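Asker: Okay, here's the structure, questions in a sec.
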Amino acid sequence: MSVSSSVWPLIYLTEMPLLPQQVIELVSDPACGGIDVFIGSVREHTQGRRVLRLEFEAYEQMAVKEMQKIADEACSRWPVQQIAIHHRTGTLQVGEIAVIIGVAAAHRAAAFEACRFAIDELKQRVPIWKKEVFEDGEVWVAAHP
Amino acid sequence: MSVSSSVWPLIYLTEMPLLPQQVIELVSDPACGGIDVFIGSVREHTQGRRVLRLEFEAYEQMAVKEMQKIADEACSRWPVQQIAIHHRTGTLQVGEIAVIIGVAAAHRAAAFEACRFAIDELKQRVPIWKKEVFEDGEVWVAAHP
Amino acid sequence: MELNILAFGIAKDIVGARKLRYRVAAHTRVGELLEQLQRQYPALQGLNSLKVAVNSEYVGHDYQLSESDEVVLIPPVSGG
Amino acid sequence: MELNILAFGIAKDIVGARKLRYRVAAHTRVGELLEQLQRQYPALQGLNSLKVAVNSEYVGHDYQLSESDEVVLIPPVSGG
């Protein structure tokens with residue numbers, strides 16, 4: 578495990594910009610043949626409207642706890658060596674990275690499937706909320722039917 | 578498309594070390610919400626034997642052509658914004674990166690599926706060969722039943 | 081009893097505060113709390129979902145609240 | 081006619097050279113070339129597969145070779 582020698586935790590909620598290279602280094606391991614990395618960033622348009630910026634808020638202690646649970650569940654369901662989940666909070670500009678998930682495994686199928694699982698679960702249950710700010714208003718994403 | 582402004586091509590076969598950050602920057606686009614990146618690297622063990630190094634050789638002109646075809650096929654099958662496939666040749670040490678595939682899409686499902694497709698196809702049909710060198714011998718991977 | 085309620089995202093906008101001191105009957109369950117809140121703040125009824133966490137864990141409608149619980153209103157999440 | 085054959089990976093090791101000038105009958109098809117090569121280099125028969133590319137495209141056993149083709153022996157690939 579590469580955790581102990583690293584500055585950054587595997588599960589990380591931060592206001593600072595996220596760096597893919599950090600996540601990749603965190604999960605890299607000579608025992609692993611494959612790493613799958615998912616990077617979610619702020620799109621400039623959503624349903625045809627131009628996004629000025631996004632604002633993320635989190636119920637931090639629970640968000641970190643749920644992110645850790647997702648990582649643990651992924652490790653129990655797939656033969657995975659290491660998982661890192663980094664999520665940003667605060668104000669993000671278009672193109673900035675909101676989330677990075679990195680999964681290292683001996684074989685690529687497990688890396689892909691666990692990474693997909695982790696981002697799907699994160700979007701379902703981690704208490705983080707995203708507000709899209711447009712020129713003419715703002716909206717909490719997914720709040721209303 | 579970010580190709581024209583970049584130093585590195587989207588489809589790239591090289592003896593130089595591969596850099597995930599390069600691939601991520603190549604495919605990043607403000608229209609995209611999700612990027613999936615697969616990184617394949619040299620494992621220290623294979624079937625219980627310790628790997629000293631790997632040697633990759635390629636039938637270069639055809640390899641690049643097949644990599645391009647795979648990218649084109651992925652783009653026609655999934656709503657994908659940009660794909661980059663970088664593969665290394667020559668001698669690689671344990672832990673070094675042999676291949677990076679980056680796929681950017683508006684929505685994550687397409688990014689994951691196209692990336693998985695691209696690495697699966699690459700391993701099936703791109704004329705690149707890997708020789709594992711052990712302390713007591715060497716073997717062309719997958720050559721024999 | 082009086083509960084400490086935390087509200088996030090659109091739930092914070094609807095109730096008008098991050099933290100709320102909120103009076104309910106003793107032994108109130110989560111389902112009853114939600115009904116009471118939805119009567120007082122009808123806009124909560126328009127949400128896709130409204131979950132409750134206590135002490136950083138999701139709890140069901142049957143969960144019986146006590147005064148020491150930190151109760152958190154969780155409107156539809158949208159991280160990632 | 082004489083063909084220019086390129087061999088990669090284990091096929092190169094078996095035929096002993098990257099490039100080979102190789103004599104076959106006129107109008108030889110890929111399948112016939114492979115049989116001829118496998119007789120001359122029996123180790124080729126032990127491979128998981130042996131494909132042929134001409135001018136950087138995979139071709140089937142029916143493909144009829146001509147002297148100007150660049151014929152490439154493709155043992156099982158293992159990139160990635």
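Protein chains in written order, with our numbering: chain D, 578 to 722; chain A, 578 to 722; chain X, 81 to 160; chain Y, 81 to 160.
In this text, a Cβ means the ideal position worked out from N, Cα and C, and glycines have one as well.
From a predicted model like this one, the values you see are computed outputs, not experimental measurements.
1. List the endpoints of the continuous beta strand (DSSP E) containing residue 659(A).
2. With DSSP as the reference, label residue 653(A) as helix, strand or coil.
3. Using the Cα positions of residue 611(D) and residue 654(D), report the straight-line distance between them to the nearest angstrom.
4. Any C-beta of chain A within less than 7 Å: which residues of the stretch 125-152 of chain Y qualify?
5. Exposed or buried, which one is residue 96(Y) when buried takes at least 16 other CB atoms within 10 Å?
6. Classify residue 597(D) as buried or exposed, calling it buried when 16 or more other Cβ atoms lie within 10 Å of its own Cβ.
7. Less than 8 Å between the CB atoms is what I'm expecting for residue 160(Y) and residue 699(A), so what's the real figure, rounded?
8. Where does residue 581(A) fall in DSSP's three states?
9. Tell me residue 604(D)'s beta-bridge partners as DSSP assigns them.
10. Where residue 681(A) and residue 649(A) are concerned, what is the direct C-alpha to C-alpha distance, given to the nearest angstrom?
11. Given that a residue counts as buried once 16 or more other Cβ atoms are within 10 Å of its Cβ, and exposed if not, what is residue 663(A)?
12. Counting only the same chain and skipping the five closest in sequence on each side, list residues whose C-beta sits under 6 Å from that of residue 708(A).
13. Look up residue 709(D) in the DSSP assignment and say whether it is helix, strand or coil.
14. Flag residue 699(D) as yes if its beta-carbon sits less than 7 Å from any beta-carbon of chain X, otherwise no.
15. For residue 85(Y), go through chain A and note every residue whose CB falls closer than 7 Å to its CB, in chain order.
16. Decide yes or no for the touch test of the stretch 677-694 of chain D against the stretch 137-150 of chain X: beta carbon pairs closer than 8 Å, at least 3 of them.
17. Please report the distance separating the alpha-carbon of residue 150(Y) from that of residue 86(Y).
18. Residues of chain D with a CB under 8 Å from the CB of residue 157(X): which are they?
19. May I ask which residues mark the beginning and end of the beta strand (DSSP E) holding residue 590(A)?
20. I'd like to know whether the C-beta atoms of residue 133(X) and residue 152(X) end up nearer to each other than 7 Å.
21. Just confirm the distance between the C-beta atoms of residue 703(A) and residue 634(A), as a whole number of angstroms; I'd bet it's less than 8 Å.
22. Mapping DSSP to helix, strand and coil, what is residue 673(A)?
23. Any C-beta of chain Y within less than 8 Å: which residues of the stretch 622-638 of chain A qualify?
Answerer: According to the structure shown:
1. Taking the first residue of the second sequence as position 1, residue 659(A) is located at position 82. 657-665 is the span of the beta strand (DSSP E), which, as asked, contains residue 659(A).
2. As a position in the second sequence, residue 653(A) is number 76, starting the count at 1. Here residue 653(A) carries a helix assignment [DSSP, helix/strand/coil].
3. As a first step, residue 611(D) is located in the first sequence; it is residue number 34 there, counting from the start. As a first step, residue 654(D) is located in the first sequence; it is residue number 77 there, counting from the start. Their backbone Cα atoms lie some 17 Å apart in a straight line.
4. Against chain A - using a Cβ distance shorter than 7 Å - the residues of the stretch 125-152 of chain Y are 126, 127, 128, 133, 136, 152.
5. For this step, residue 96(Y) is matched to residue 16 along the fourth sequence. Exposed, by the Cβ-count rule.
6. Locating residue 597(D) in the first sequence gives position 20, counting from the first residue. By the 10 Å Cβ count, residue 597(D) comes out buried.
7. As a first step, residue 160(Y) must be located in the fourth sequence, where it is residue number 80. As a first step, residue 699(A) must be located in the second sequence, where it is residue number 122. Contact holds; Cβ gap of about 5 Å.
8. For the purposes of this step, residue 581(A) is taken as the residue at position 4 of the second sequence. Low local confidence applies: a pLDDT of 47 at residue 581(A) is under 50, so the model's placement there is unreliable, and no value is given.
9. One-based indexing of the first sequence puts residue 604(D) at position 27. In DSSP, residue 604(D) forms no bridge with anything.
10. In the second sequence, the residue the question calls residue 681(A) occupies position 104. In the second sequence, the residue the question calls residue 649(A) occupies position 72. Answer to the nearest angstrom: the Cα atoms are 14 Å apart.
11. Locating residue 663(A) in the second sequence gives position 86, counting from the first residue. Buried, because 16 or more other Cβ atoms sit within 10 Å of the Cβ of residue 663(A).
12. As a first step, residue 708(A) must be located in the second sequence, where it is residue number 131. So the list reads 632, 715, 717, once near-sequence residues are dropped.
13. Within the first sequence, the letter at position 132 stands for residue 709(D). If DSSP states are grouped into helix, strand and coil, residue 709(D) belongs with the strands.
14. As a working note, residue 699(D) is residue 122 in the first sequence. Chain X, which has a Cβ nearer than 7 Å to the Cβ of residue 699(D), makes this yes.
15. Here residue 85(Y) corresponds to residue number 5 of the fourth sequence, with the count starting at 1. The contacting residues do not exist; residue 85(Y) stays about 12 Å from chain A at best.
16. no
17. Mapped onto the fourth sequence, residue 150(Y) falls at position 70. Mapped onto the fourth sequence, residue 86(Y) falls at position 6. One Cα belongs to residue 150(Y), the other to residue 86(Y), and the distance between them is close to 7 Å.
18. On the third sequence, residue 157(X) is found 77 positions in, with the first residue counted as 1. Result: 700, 701, 702, 703, 704, 705, 706, 719.
19. Mapped onto the second sequence, residue 590(A) falls at position 13. First-last of the beta strand (DSSP E) with residue 590(A): 588-591.
20. What you label residue 133(X) is simply residue 53 of the third sequence in a count that begins at 1. What you label residue 152(X) is simply residue 72 of the third sequence in a count that begins at 1. A contact, by the Cβ cut-off of 7 Å.
21. One-based indexing of the second sequence puts residue 703(A) at position 126. One-based indexing of the second sequence puts residue 634(A) at position 57. Residue 703(A) to residue 634(A), Cβ: 12 Å. No contact.
22. Your numbering for residue 673(A) matches position 96 in the second sequence. Note: residue 673(A) maps to coil in three-state DSSP.
23. 633, 634, 635, 636, 638
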